[in-house]
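Okay, structure first, notes after.
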Amino acid sequence: MVRMRTTTLAAAVAPILLALPLLAACSEDEPADPTAPVEVELGKEFTWNDFTVADGWSLETMNPSAGVESVEMPVIAAEATNGADEPRFVLFEVVFAKEGNRLATIHCTSVSIEPGATEPLDCTGFGQEVPQGQDTIVVQEITR
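Heads up: the sequence shown runs through residues -24 to -1, 1 to 120, numbered per mature numbering (1 follows the signal peptide of the UniProt record, and there is no 0).
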């Protein structure tokens, strides 16, 4: 009976041991899915879907005139470099949250960016309040 358990245990553990080198090859720094959500820090470089946004990106406030009223809305000032082998457009959202509650979502787009080239992003939070006191910032695919 003891011999059977040892054999069963060895048979159960063997596939796990064989998979360990494959798991070690996966980097914790880069998600397996290039469009997986990435937590970022305000102003710090990040890469999402082979686009790199350099250090120095910032959250700013825009005050467009809407008739007599002045409305403040959030704007992200940033540039992105295309790390892929083909021209592509940036299309992602930046979610600002505090204690798990969404404060604002800002969509970012760009013109077509050639491989290795850098272009400014268009990131305006239309209809959003300017986030303050966020403890989490996540870059992800645009959700509806």
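Ideal Cβ placement from N, Cα and C applies to all residues, glycine included.
From the DSSP secondary-structure annotation, give me the bridge partner or partners of Val115. Within the sequence shown, numbered from 1, the residue matching residue 115 stands at position 139. Answer by DSSP bridge pairing, in chain order: Val14 and Val70.
Compute the beta-carbon to beta-carbon distance between Leu18 and Ala56, rounded to the nearest angstrom, for a pair I have assumed lies under 8 Å. Here residue 18 corresponds to residue number 42 of the sequence shown, with the count starting at 1. Here residue 56 corresponds to residue number 80 of the sequence shown, with the count starting at 1. The beta-carbon distance between Leu18 and Ala56, rounded to whole angstroms, is 16 Å. This is too long to meet the 8 Å contact definition.
From Val16 to Val115, what distance separates their C-alpha atoms? Counting from one through the sequence shown, the residue named residue 16 turns up at place 40. Counting from one through the sequence shown, the residue named residue 115 turns up at place 139. Each residue's alpha carbon lies about 7 Å from the other.
Which of helix, strand or coil does DSSP assign to Trp33? Looking up residue 33 in the sequence shown gives position 57. Coil at Trp33, not helix or strand.
Distance, Cα to Cα, Thr28 vs Phe65? Position 52 of the sequence shown, counting from 1, holds the residue named residue 28. Position 89 of the sequence shown, counting from 1, holds the residue named residue 65. CA-CA distance, Thr28 to Phe65, rounds to 13 Å.
Can you check whether the CB of Asn39 is closer than 8 Å to the CB of Glu48? Residue 48 sits at position 72 when you count from the first residue of the sequence shown. Residue 39 sits at position 63 when you count from the first residue of the sequence shown. Between Glu48 and Asn39, the C-beta spacing is below 8 Å.
Exposure of Gly101, with buried meaning 16 or more beta-carbon neighbours within 10 Å: By 1-based counting over the sequence shown, the position of residue 101 is 125. Counting C-beta atoms within 10 angstroms of its own C-beta, Gly101 has 16 or more neighbours from the protein chains shown and is therefore classed as buried.
Alpha-carbon spacing of Phe22 relative to Asp31, whole angstroms: Working through the sequence shown from its first residue, we reach residue 22 at position 46. Working through the sequence shown from its first residue, we reach residue 31 at position 55. Their backbone Cα atoms lie some 8 Å apart in a straight line.
Are the beta-carbon atoms belonging to Glu95 and Ile82 less than 8 Å from one another? Taking the sequence shown and counting its residues from 1, the one referred to as residue 95 is at position 119. Taking the sequence shown and counting its residues from 1, the one referred to as residue 82 is at position 106. No, the Cβ-Cβ distance between Glu95 and Ile82 is not below 8 Å.
Unbroken beta strand (DSSP E) run spanning Pro96, endpoints: Stepping through the sequence shown from its first residue, residue 96 is reached at position 120. Unbroken beta strand (DSSP E) run through Pro96: Thr94 to Pro96.
For Leu(-2), which three-state DSSP category applies? Walking along the sequence shown from the start, residue -2 turns up at place 23. Interpretation of Leu(-2) is limited by its pLDDT of 42, a score under 50 that renders its predicted location unreliable; no figure is taken from the coordinates.
Who pairs with Asn25 in a beta bridge, going by DSSP? As a first step, residue 25 must be located in the sequence shown, where it is residue number 49. Answer is none; Asn25 lacks a bridge partner.
What span of residues does the beta strand (DSSP E) with Glu55 cover, start to end? Position 79 of the sequence shown holds residue 55. Segment Glu55 to Asn58, the beta strand (DSSP E) holding Glu55.
What residues match up with Ala80 in a beta bridge as DSSP calls it? Here residue 80 corresponds to residue number 104 of the sequence shown, with the count starting at 1. According to DSSP, Ala80 shares a beta bridge with Phe72.
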